[in-house]
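See below for the structure under consideration.
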Amino acid sequence: MNAILDPISASRLDAYLDQTEAALEQQDDAELDPELIQAGLKASMDSQRFRADTLGSVRRLFRLWLRAGDPAAASRVIEIDGHEALAALPAAERPDWELSLAFWRLEPLVAQRDDAALHAAQGAAFTVLASLPGALQYDKAWEYLEEQATQAGAHALSRRCLAARNALQQASPERTAYRAWDNALMAAREAQSFALEGQDQEAADAAARAIDCMAKAGADQDIDHNDWLRIGHALYTIVPGSIAGIVGQVRALIPASTVFFARRDIDVRIARLEAVALHHQGALDQALARLALGRTLITGDADDRYGAIMLDWLLEAGKHEDAARLAFESVFHERQVSAEHGTSSATRAVSEGLAGQPYWQLALAYAGMADDTVAVRGDESEAAHVRRHLALARAGGQAHPAIDAVEALFLIKSADDYHQALPLLETAARDLSLANSDVLVKLWVARIRVHGAQAALEMPFVPASSAGSCYNIGVTLGYQLDEHLPDGVTVPKEPLKALAARYYETGLARFEAFVMSGEGSARDGDAHTYSMLCNNLAIYYRRNKSDPAAALPLHHKGIAASAFSEHYQGVMSCHRASGSDAAMIDSADQLWHYSADHGYSRHDATDYIDDVAAALNRLGRDTDIAIWLQRLDEWWACVEQDERAGYEKTYVRALASVLYYLAHTQPDDAMLRLDAVLSRVRAAASPYTTRMAAHALRTAGQFERAQAMYAEALGHVKPGESWHETQRKAIVEGVAECKRLQRAAKPWWKVW
């Protein structure tokens with residue numbers, strides 16, 4: 001038989017699949033035409049014969065056929081190769097894989113759009129899943145099948161899946177505290193299913209059951225305000241009149257300890273629910289009023305979908321000028337989802353001649369420059385597209401700062417022309433709504449390039465459009481400005497850090513004003529961005545202004561809004577800088593536990609554990625030092641082997657220090673550990689590390705060895721360098737103390 005007709009199988013098939021999947025990934029990354037990719041794959045696969053002999057290769061092969069646009073071939077792989085691979089398995093392994101095959105059969109049928117066959121296959125999958133032993137009837141399988149049935153319009157089957165899933169949940173001891181929630185969620189999904197079928201009364205009855213399950217939940221049931229919000233969003237199109245009662249339940253269940261950003265975050269989510277319910281009831285003006293708060297971007301939002309919803313509602317209300325401004329805002333600030341929606345809305349508005357110029361044209365002009373909306377250009381070049389829409393925007397004859405903003409950014413993007421862009425940026429930035437981080441960073445860069453760094457930093461401060469923009473500007477100015485400047489341009493560091501801090505301070509005020517009033521920009525409500533801003537500003541106060549007292553409350557604010565490990569590190573650093581030993585120890589303990597529980601990729605225990613040991617010694621709490629020695633060991637054990645070289649010297653330094661303090665109460669244990677690492681101490685060649693090892697020997701009463709180690713420490717001192725000279729002084733004092741203790745340890749009669 002011709003070799004080309006032999007089926008590719010086993011390891012050869014695995015290699016083919018690996019190679020083909022890698023090639024497809026490369027083609028996707030290269031953004032090749034999807035139709036060309038599919039055609040090339042189809043031609044390649046049609047020229048081969050395949051036989052998948054394991055269920056893993058069946059899965060990969062049938063999905064590759066789907067990618068090639070041949071669902072019939074994908075089905076054949078499942079039915080022929082899949083059946084044979086299943087039959088070859090031990091009987092005990094077959095049930096779970098039989099379910100996988102039943103689910104896989106659905107995918108080609110979805111691609112073929114054969115509803116009758118798809119519904120039959122879904123029914124068969126239901127039978128397989130229902131027949132499995134209880135341990136294999138996993139919750140996610142029922143959820144998946146229910147979703148597939150809903151998408152296929154098999155609503156009766158969808159409700160059977162809901163009931164089966166609920167029965168599985170009710171039988172699970174692990175879900176005892178969630179019985180009410182599980183019942184409510186099932187009823188809510190049933191309500192949605194009936195509504196999709198047009199059975200309005202059955203939908204309303206199921207919605208009422210869902211609300212009743214929640215409202216009558218016992219004290220042993222885990223129901224909170226978030227659950228009520230979820231139910232509200234699931235039911236507002238079915239029973240919009242019930243949303244007011246649901247909102248009342250949400251507010252009643254907010255914990256009393258919920259303050260500051262967390263409470264305002266809930267207010268935003270409530271406003272969203274109320275807005276969509278009001279809109280569904282036809283109260284458009286009221287819905288728009290509630291969405292003014294609801295469109296605020298909060299932590300957890302993946303995109304600006306509520307901005308897109310507001311744009312639709314403004315157009316629906318005939319408020320075309322407001323809609324035009326919002327469309328431009330969404331596009332200009334490059335907000336996910338709403339930018340694309342603003343672009344398509346602007347295209348329609350221009351074709352229909354709606355009021356709202358120059359914003360519709362400016363939205364289209366800027367969309368042609370932004371990555372996510374560049375498709376609006378079609379085959380037109382960027383320059384031609386942008387210039388055409390800028391000219392149309394200017395057709396009204398009036399100067400407009402938004403025109404200046406778009407033109408300035410285009411000049412910089414297309415020609416790197418900061419000189420011509422600068423006066424336009426200066427004008428645009430006076431309109432607060434335009435002063436986002438992109439405009440203001442380019443304004444400062446233009447000032448530096450045109451006027452020089454020193455003169456630029458003395459020019460007037462320009463506030464930003466939002467708290468989020470203030471944070472981004474602060475980060476860019478403080479850490480990334482070099483990336484925006486030509487080689488050889490230097491900027492004085494301290495004035496630049498001060499400017500970045502001023503943006504942080506402005507952003508802090510904007511964030512906190514929003515929390516207090518609920519009013520502000522759409523980007524004034526992200527608690528995590530606020531927390532990051534607090535951290536950066538606290539670092540500036542602590543490091544650049546040597547003011548830990550000002551930094552400390554910022555770290556606490558950040559923890560309250562959205563905690564992360566750097567804040568706990570900052571709190572500890574503030575207490576250390578303030579000389580508050582007890583507070584430093586407590587905060588170091590919090591840092592250790594938080595990092596262990598939540599992860600901290602930059603956690604460097606050598607930065608503080610030796611200071612904790614010193615503080616414990618000063619407070620007479622030496623018995624706790626062994627705990628911190630163990631933590632240092634645990635941290636070191638978790639450092640990856642390829643990263644250890646970078647930490648070796650600081651680890652040995654911290655270890656020598658901790659052993660010195662441990663030697664005060666546990667000298668034998670300290671010496672046992674020290675002897676094991678003395679070679680690493682010597683390899684570190686550090687006057688400080690060697691001095692601390694000498695201190696440990698001295699404290700343990702090994703005076704001769706200590707003096708020899710002090711001599712080694714002196715050998716590492718570099719004359720003339722200030723830090724090294726402080727080490728020399730400390731070493732000499734250590735030698736003197738060692739000799740004094742040695743003399744004191746001799747019997748009074750032993751004079752030699």
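Quick note: the sequence shown uses the working numbering, first residue 1, plus one each step. Virtual Cβ for every residue (Gly too), placed ideally from N, Cα, C.
Quiz item: Taking buried to mean at least 16 other C-beta atoms within 10 Å of its own C-beta, is residue 3 buried or exposed?
Solution: The residue given as residue 3 occupies position 3 in the sequence shown. The predicted position of residue 3 is uncertain, since its pLDDT is 48 and thus under 50; a value taken from the coordinates is nonetheless stated next. Result: exposed.
Quiz item: Since residue 238 sits in a beta bridge, which residues does DSSP pair it with?
Solution: As a working mapping, residue 238 is identified with position 238 in the sequence shown. Bridge partners of residue 238: none, in fact.
Quiz item: Among 629, 262, 289, which one has its Cα closest to the Cα of residue 275?
Solution: Reading the sequence shown from its first residue, position 275 is the one you call residue 275. When only C-alpha atoms are compared, the closest one is 289.
Quiz item: What are the complete alpha helix (DSSP H) segments, minimum 4 residues, inside the region 407 to 481?
Solution: 418 to 429, 437 to 451, 453 to 457, 467 to 475
Quiz item: Candidates 457, 738, 657, 65: which alpha carbon is nearest residue 608's?
Solution: Position 608 of the sequence shown, counting from 1, holds the residue named residue 608. Of the candidates 457, 738, 657, 65, the one whose C-alpha sits nearest the C-alpha of residue 608 is 657.
Exercise. Express the C-alpha separation of residue 490 and residue 453 in angstroms, rounding to a whole number.
Key: Residue mapping note: residue 453 aligns to position 453 of the sequence shown, counting from 1. Residue mapping note: residue 490 aligns to position 490 of the sequence shown, counting from 1. Their backbone Cα atoms lie some 7 Å apart in a straight line.
Self-check item: DSSP-derived helix/strand/coil call for residue 50
Solution: As a working mapping, residue 50 is identified with position 50 in the sequence shown. Reduced to three states, the DSSP call for residue 50 is strand.
Exercise. Note the first and the last residue of the continuous alpha helix (DSSP H) segment covering residue 705.
Key: Against the sequence shown, residue 705 aligns to sequence position 705. Its alpha helix (DSSP H) spans residues 703 to 715.
Quiz prompt | Nearest-angstrom Cβ-Cβ length linking residue 471 and residue 507, presumed shorter than 8 Å | solution = On the sequence shown, residue 471 is found 471 positions in, with the first residue counted as 1. On the sequence shown, residue 507 is found 507 positions in, with the first residue counted as 1. Their Cβ separation, rounded to whole angstroms, is 5 Å, which keeps residue 471 and residue 507 in contact under 8 Å.
Exercise. Please go through the same chain and pick out, in chain order, the residues whose beta-carbon is closer than 6 Å to the beta-carbon of residue 548, but skip the five residues on each side of it.
Key: As a first step, residue 548 must be located in the sequence shown, where it is residue number 548. Taken in chain order, the residues that qualify are 542, 574, 577, 578.
Quiz item: Anyone know if the C-beta pair for residue 637 and residue 625 falls short of 8 Å?
Solution: To locate residue 637, count along the sequence shown from 1; it is residue 637. To locate residue 625, count along the sequence shown from 1; it is residue 625. No. Outside cutoff.
Quiz item: Exposed or buried, residue 503, counting other C-beta atoms within 10 Å across all chains shown (16 or more means buried)?
Solution: As a first step, residue 503 is located in the sequence shown; it is residue number 503 there, counting from the start. With 16 or more other Cβ atoms within 10 Å, it is buried.
Quiz item: Hey, out of 42, 518, 257, 57, whose CA is closest to residue 11's CA?
Solution: Indexing the sequence shown from 1 puts residue 11 at position 11. Taking only the C-alpha atoms, the option nearest residue 11 is 57.
Quiz item: Between residue 766 and the rest of its own chain, which residues show a CB-CB distance below 7 Å, the 5 nearest in sequence each way excluded?
Solution: Nothing in the structure corresponds to residue 766, since the chain is present only between 1 and 752.
Quiz item: Can you tell me whether DSSP reads residue 243 as helix, strand or coil?
Solution: As a working note, residue 243 is residue 243 in the sequence shown. It is helical.
Self-check item: Buried or exposed (CB count within 10 angstroms, at least 16 for buried), residue 296
Solution: Counting from one through the sequence shown, the residue named residue 296 turns up at place 296. Flag for residue 296 reads buried.
Self-check item: For residue 8: DSSP bridge partner residues
Solution: Position 8 of the sequence shown holds residue 8. In the DSSP output, where bridge partners are listed per residue, residue 8 has 50.
Quiz item: Span of the alpha helix (DSSP H) holding residue 729?
Solution: Position 729 of the sequence shown holds residue 729. Where residue 729 is concerned, the enclosing alpha helix (DSSP H) stretches over 722 to 745.
Practice problem: Classify residue 727 as buried or exposed, calling it buried when 16 or more other Cβ atoms lie within 10 Å of its own Cβ. | Solution: If you number the sequence shown from 1, residue 727 lands on position 727. So residue 727 counts as buried.
Exercise. Pick out whichever of 390, 326, 739, 603 has its Cα sitting closest to the Cα of residue 345.
Key: The sequence position of residue 345 within the sequence shown is 345, counting from 1. Checking every option, the nearest Cα to that of residue 345 belongs to 326.
Self-check item: First through last residue of the alpha helix (DSSP H) which encompasses residue 263
Solution: Counted from its first residue, the sequence shown places residue 263 at position 263. Here the alpha helix (DSSP H) through residue 263 covers 261 to 280.
Quiz prompt | Minimum C-alpha distance to residue 245 - residue among 606, 215, 439, 372 | solution = Within the sequence shown, the letter at position 245 stands for residue 245. Nearest of 606, 215, 439, 372 to residue 245, Cα basis: 215.
Quiz prompt | Three CB pairs or more closer than 8 Å across the region 683 to 696 and the region 631 to 646 | solution = no
Quiz item: Does the Cβ of residue 265 have 16 or more other Cβ atoms within 10 Å, making it buried, or fewer, making it exposed?
Solution: Locating residue 265 in the sequence shown gives position 265, where the first residue counts as 1. It counts as buried.
Quiz item: According to the neighbour-count rule (16 or more other Cβ atoms, all chains shown, within 10 Å of its Cβ), is residue 32 buried or exposed?
Solution: On the sequence shown, residue 32 is found 32 positions in, with the first residue counted as 1. When all chains shown are included, residue 32 counts as exposed.
Exercise. Kindly list the residues whose CB is nearer than 8 Å to the CB of residue 702, restricted to its own chain and excluding five residues on each side of it in sequence; keep chain order.
Key: What you label residue 702 is simply residue 702 of the sequence shown in a count that begins at 1. Here the set comprises 671.
Self-check item: Identity of the residue in 733, 665, 718 nearest residue 700 by Cα
Solution: By one-based count along the sequence shown, residue 700 stands at place 700. When only C-alpha atoms are compared, the closest one is 665.
Practice problem: In the DSSP assignment, find the unbroken alpha helix (DSSP H) run with residue 530 in it and report its ends. | Solution: Taking the first residue of the sequence shown as position 1, residue 530 is located at position 530. Its alpha helix (DSSP H) spans residues 527 to 539.
Quiz item: Can you tell me the Cα-Cα spacing of residue 485 and residue 370, whole angstroms?
Solution: On the sequence shown, position 485 is the one that residue 485 refers to. On the sequence shown, position 370 is the one that residue 370 refers to. When rounded, the distance between both Cα atoms is 22 Å.
Quiz item: Relative to the alpha-carbon of residue 108, which residue among 71, 120, 80, 119 has its alpha-carbon at the smallest distance?
Solution: Within the sequence shown, residue 108 is the residue found at index 108, counting from 1. The residue with the shortest Cα to Cα distance from residue 108 is 71.
Quiz item: Buried or exposed: which applies to residue 368, given that a residue is buried once 16 or more other Cβ atoms fall within 10 Å of its Cβ?
Solution: Looking up residue 368 in the sequence shown gives position 368. Under this definition residue 368 is a buried residue.
Exercise. Using a threshold of 8 Å, state whether the C-beta atoms of residue 92 and residue 261 are closer than that.
Key: For this step, residue 92 is matched to residue 92 along the sequence shown. For this step, residue 261 is matched to residue 261 along the sequence shown. Taking 8 Å as the Cβ cut-off, residue 92 and residue 261 do not qualify as a contacting pair.
Quiz item: So, residue 287 versus residue 320, is the Cβ gap smaller than 8 Å?
Solution: Here residue 287 refers to the residue found at position 287 when the sequence shown is read from its first residue. Here residue 320 refers to the residue found at position 320 when the sequence shown is read from its first residue. Their beta carbons are not under 8 Å apart, which means residue 287 does not touch residue 320 by this criterion.
Practice problem: Take the Cβ of residue 689 as the centre, count every other Cβ of all protein chains shown within 10 Å, and call the residue buried at 16 or more, exposed below. | Solution: Reading the sequence shown from its first residue, position 689 is the one you call residue 689. That one is buried.
Self-check item: C-alpha gap between residue 164 and residue 97, whole angstroms
Solution: Stepping through the sequence shown from its first residue, residue 164 is reached at position 164. Stepping through the sequence shown from its first residue, residue 97 is reached at position 97. For residue 164 and residue 97, the distance between alpha carbons rounds to 20 Å.
Practice problem: Confirm, please, whether the CB-CB distance from residue 738 to residue 693 is below 8 Å. | Solution: Here residue 693 corresponds to residue number 693 of the sequence shown, with the count starting at 1. Here residue 738 corresponds to residue number 738 of the sequence shown, with the count starting at 1. For residue 693 and residue 738, no; Cβs fall outside 8 Å.
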